[in-house]
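>
In this note's numbering, the protein residues as written are -19 to 70.
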């Protein structure tokens, strides 16, 4: 469980040797990590349907424009697009 300064705690976890950190199902946490440039890869599932509402994948504001490189893409099932996006660091 993360407590206190989330960005500092995640940075400390990233600095440790070991496996991959995965955030699953927490838009608020992903927004915080994105705003602090702590996301190494996004794995998005794009479904061929428009809901008209819902949680945003990215925060309303960022410290700077974010550009991505598509490192992998494929379509599965009934048209679900799987994307792997890596933020381009400047």
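No residue lacks a Cβ here, since even glycine has one placed at the ideal position from N, Cα and C.
Model, not experiment: these values are computed from the prediction.
Measure from the C-beta of residue 28 to each C-beta in chain B and report whether the shortest distance is under 7 Å.
Within the model displayed, chain B is absent; a lone protein chain is all it includes.
> If contact is defined by three or more beta carbon pairs under 8 Å, each pair taking one atom from either stretch, is the stretch 54 to 61 in contact with the stretch 24 to 42?
Yes, since at least three Cβ pairs between the stretch 24 to 42 and the stretch 54 to 61 fall closer than 8 Å, the two stretches touch.
> Residue 2 bridges to which residues according to DSSP?
Paired residues: none, contrary to the question.
> What does the alpha-carbon distance come out to for the pair residue 19 and residue 36?
Those two C-alpha atoms are separated by around 16 Å.
> Taking residue 49 as the reference, which of 69, 31, 32 has the closest Cα?
Per the Cα distances, 69.
> Tell me the DSSP bridge mates of residue 53?
Partner(s): 63.
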